[in-house]
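J.:
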Amino acid sequence: MASAVEKVATEFPDIQFTIIDMVVDKPNVQSIVFKEHEGSFLVGALAAKASKTDKVGFVGGMDIPLIRKFECGYRQGAKYANPQIETFQNMTGSTPAAFADPAKGSELAKSQFSKGADVIYAAAGGTGMGVYQAAKDAGNFAIGVDSNQNHLQPGTMLTSMVKKVGVAAYNTWEEAEQGNWEAGIKVLGLKEGAVEWAYDDYNKDLITPEMKTYLDGLKADIVSGKIAVHDYMSDNTCNI
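Per this note's numbering, the sequence shown starts with residue 3, numbered consecutively.
1) Expressed to the nearest angstrom, what Euclidean distance is found between the alpha-carbon atoms of Val31 and Trp183?
2) Exposed or buried, which one is Pro104 when buried takes at least 16 other CB atoms within 10 Å?
3) One question on the structure: do Ala200 and Asn152 come within less than 9 Å of each other, judged by their Cβ atoms?
4) For the segment 125-168, which segments carrying the alpha helix (DSSP H) assignment without a break, of at least 4 residues, lie completely within its bounds, in sequence order?
5) Is the beta carbon of Lys28 less than 9 Å from the beta carbon of Ala170?
6) Thinking C-alpha only, which one of Ile187, Ala102, Leu208 is nearest Ala144?
7) Reducing DSSP to helix, strand and coil, say where Ile69 ends up.
8) My parser needs the beta strand (DSSP E) runs of 3 or more residues fully inside the segment 20-97; what are they?
9) Which same chain residues, not among the five before or five after Val225, have their C-beta less than 6 Å away from its C-beta?
10) What's the call for Lys2, buried or exposed, on a 16-neighbour Cβ count within 10 Å?
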């Protein structure tokens, strides 16, 4: 949507525009991006704690820097929680169709399970549905993304990395209403309550008190700056 927003923002300079998940450098555009790597770090740490094989996986949708950002954060968290952990990662494809291919998601998940992974995080849109079904069929865990997907496969979904787009959208409307809206880039993460790991009735039986305490501690350390999670999109590298 970036090119479209840039075009209309130029045509209508007195109108305020907000775009999510992309940056448009115009004096009447607010660009909101998220620290998905911080939330992904938390679910990666949880995956490592829950794994019985010391092997976890990641299935991404389209191979773009944004999805690599999820993957890199996840691997950092897993490695932080268990330095011996082995991680597998696959991207589904190089076109937008990669976000709508549950059959391919299932195939990639089964491949990672065959290598010993017992927890897989999917950041793949509709493709993730195939990952979750494969995890259920194999008796393993999956981790959802963006919205809370714990309810999709209760007992299989270890957690979800929740990205609170609704909070961002609501806030930008509220700012406009109150006259506080400003153009520029807003970066929202754990500190702003914009990303989180999901803990609810659907997965509480899968999360031990020790796991929850550990993740609460990690979250506090990231918010305080004690733990710095590398952002793949800052330099397109993920050296772990």
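Glycine included, C-beta positions come from ideal geometry on N, C-alpha and C.
Treat the numbers as computed from the prediction; the structure is a model and nothing was measured.
T.: Taking the geometry as given:
1) Within the sequence shown, numbered from 1, the residue matching residue 31 stands at position 29. Within the sequence shown, numbered from 1, the residue matching residue 183 stands at position 181. For Val31 and Trp183, the distance between alpha carbons rounds to 10 Å.
2) Residue numbering aside, residue 104 sits at position 102 when the sequence shown is read from its first letter. Counting Cβ neighbours within 10 Å, Pro104 comes out buried, since at least 16 surround it.
3) Translated into positions along the sequence shown, residue 200 becomes position 198. Translated into positions along the sequence shown, residue 152 becomes position 150. The answer is yes: Cβ separation under 9 Å.
4) Within the segment 125-168, the complete alpha helix (DSSP H) runs of at least 4 residues fall at 130-140.
5) Taking the sequence shown and counting its residues from 1, the one referred to as residue 28 is at position 26. Taking the sequence shown and counting its residues from 1, the one referred to as residue 170 is at position 168. Against a cut-off of 9 Å, the Cβ pair of Ala170 and Lys28 comes out as no contact.
6) Residue numbering aside, residue 144 sits at position 142 when the sequence shown is read from its first letter. The shortest C-alpha separation from Ala144 is found at Leu208.
7) The residue you call residue 69 lines up with position 67 of the sequence shown. In the three-state scheme derived from DSSP, where H, G and I count as helix and E and B as strand, Ile69 is classed as helix.
8) Runs of the beta strand (DSSP E) inside the segment 20-97: 31-36, 57-64, 88-95.
9) Translated into positions along the sequence shown, residue 225 becomes position 223. Excluding residues within five positions, the ones whose Cβ falls inside 6 Å are Leu192, Lys193.
10) Lying before the first or after the last residue shown, residue 2 is absent from the chain, which here runs from 3 to 242.
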